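Participant: Heads up: the sequence shown runs through residues 124 to 279, numbered per this note's numbering.
Ideal placement from N, C-alpha and C gives every residue a C-beta, glycine not left out.
Because the structure is a prediction, the values reported are computed rather than measured.
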Amino acid sequence: MGNKNGDSALILVSVLLFTIIIPISTYAMNSTILLTQYDKIKQAIKVSAMGALYNVSQDTILYDTGKQTVADAFTTLFKKNLQIDDSGYSKILTTTQPITIQELVVYDAGDVPATCPQGTVISFPAIHVVVSTQFKDCFGKPRDVLIHSDIDIFER
Numbered sequence: 124m125g126n127k128n129g130d131s132a133l134i135l136v137s138v139l140l141f142t143i144i145i146p147i148s149t150y151a152m153n154s155t156i157l158l159t160q161y162d163k164i165k166q167a168i169k170v171s172a173m174g175a176l177y178n179v180s181q182d183t184i185l186y187d188t189g190k191q192t193v194a195d196a197f198t199t200l201f202k203k204n205l206q207i208d209d210s211g212y213s214k215i216l217t218t219t220q221p222i223t224i225q226e227l228v229v230y231d232a233g234d235v236p237a238t239c240p241q242g243t244v245i246s247f248p249a250i251h252v253v254v255s256t257q258f259k260d261c262f263g264k265p266r267d268v269l270i271h272s273d274i275d276i277f278e279r
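(1) Determine which residues share a DSSP beta bridge with Ile224 and list them.
(2) In whole angstroms, give me the CA-to-CA distance for Phe247 and Thr142.
(3) So, using beta-carbon positions, are Ala151 and Ile274 closer together than 8 Å?
(4) Any idea if Ala132 is buried or exposed, counting beta-carbon neighbours within 10 angstroms, 16 or more meaning buried?
(5) Quick check: His251 and Val235, are their CB atoms within less than 8 Å of each other?
(6) Taking C-alpha atoms, which residue in Lys259, Gly242 and Phe262 lies nearest to Val253?
(7) Quick check on this structure: which residue in Tyr230, Ile222 and Gln257 has the alpha carbon closest to the alpha carbon of Asn204?
(8) Mind checking Gln160: buried by the 16 CB within 10 Å criterion, or exposed?
(9) Whole-angstrom Cβ separation of Leu185 and Val193, contact assumed at under 8 Å?
(10) How should Leu137 be labelled, buried or exposed, when 16 other C-beta atoms within 10 angstroms of its C-beta is the threshold for buried?
(11) Please find out if some non-hydrogen atom of the ligand HEM comes closer than 7 Å to the beta-carbon of Asn153.
(12) With distances taken between CB atoms, is the gap from Lys163 to Ile270 smaller than 8 Å?
(13) Classify Asp209 as helix, strand or coil using the three-state DSSP reduction.
(14) Starting from Ser272, follow its DSSP beta bridges and name the residues at the other end.
Okay, structure coming up:
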């Protein structure tokens with residue numbers, strides 16, 4: 124005959140495994156994947172903004188053409204950093220919708236202090252960016268993502 128205590132322990136461990144440990148592990152893995160993709164976009168925004176603001180100082184006044192040049196440089200660097208193709212999808216992220224720049228505002232020394240459309244106070248020349256996309260989580264459910272960043276010349 125088999126050991127009743129051993130069988131009970133095996134059943135208890137199996138129940139714990141399938142009802143507690145596996146769902147928690149799956150949730151943790153799902154959260155990690157989504158946060159990693161979110162962080163990649165945040166980092167690409169920051170690096171692209173710093174590249175676009177490279178020649179802008181605390182006293183720089185940009186005219187409309189200069190602001191457009193900085194905005195174009197940001198867009199080019201952002202697409203390059205995330206390997207975004209012409210359709211708006213990234214080759215290094217698993218997005219279900221194109222990555223879209225919703226808002227892009229360049230602030231120069233003549234514009235500050237100012238408040239960005241999202242309500243953040245901007246004290247130095249900066250780029251205000253809002254990016255949207257959609258990720259698919261491990262369960263196949265789409266997750267809308269909206270990322271707001273204000274990066275000034277001092278990397279804040």
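Facilitator: Short version:
(1) Residue numbering aside, residue 224 sits at position 101 when the sequence shown is read from its first letter. The partner list for Ile224 (beta bridge, DSSP) reads Val254.
(2) Position 124 of the sequence shown, counting from 1, holds the residue named residue 247. Position 19 of the sequence shown, counting from 1, holds the residue named residue 142. Their backbone Cα atoms lie some 52 Å apart in a straight line.
(3) Within the sequence shown, the letter at position 28 stands for residue 151. Within the sequence shown, the letter at position 151 stands for residue 274. No. Outside cutoff.
(4) Translated into the one-based positions of the sequence shown, residue 132 becomes position 9. Result: exposed.
(5) To locate residue 251, count along the sequence shown from 1; it is residue 128. To locate residue 235, count along the sequence shown from 1; it is residue 112. For His251 and Val235, no; Cβs fall outside 8 Å.
(6) Numbered from 1 along the sequence shown, position 130 holds the residue referred to as residue 253. The shortest C-alpha separation from Val253 is found at Gly242.
(7) Here the question's residue 204 lines up with position 81 in the sequence shown. Of Tyr230, Ile222 and Gln257, the residue nearest in Cα terms is Ile222.
(8) As a working mapping, residue 160 is identified with position 37 in the sequence shown. That one is buried.
(9) In the sequence shown, the residue the question calls residue 185 occupies position 62. In the sequence shown, the residue the question calls residue 193 occupies position 70. Going by Cβ atoms, the distance from Leu185 to Val193 rounds to 7 Å, so yes, they are a contact pair.
(10) Position 14 of the sequence shown, counted from the start, is the residue given in the question as residue 137. A quick correction: the sequence has Ser, not Leu, at residue 137. Label assigned to Ser137: exposed.
(11) In the structure on display, the ligand HEM does not appear, and there are no ligands present to speak of.
(12) Taking the sequence shown and counting its residues from 1, the one referred to as residue 163 is at position 40. Taking the sequence shown and counting its residues from 1, the one referred to as residue 270 is at position 147. Going by C-beta atoms, Lys163 is not nearer than 8 Å to Ile270.
(13) Start at 1 with the first residue of the sequence shown, and residue 209 comes out as number 86. Of the three classes helix, strand and coil, the one that applies to Asp209 here is coil, per DSSP.
(14) Here residue 272 refers to the residue found at position 149 when the sequence shown is read from its first residue. Beta-bridge pairing links Ser272 to Val252.
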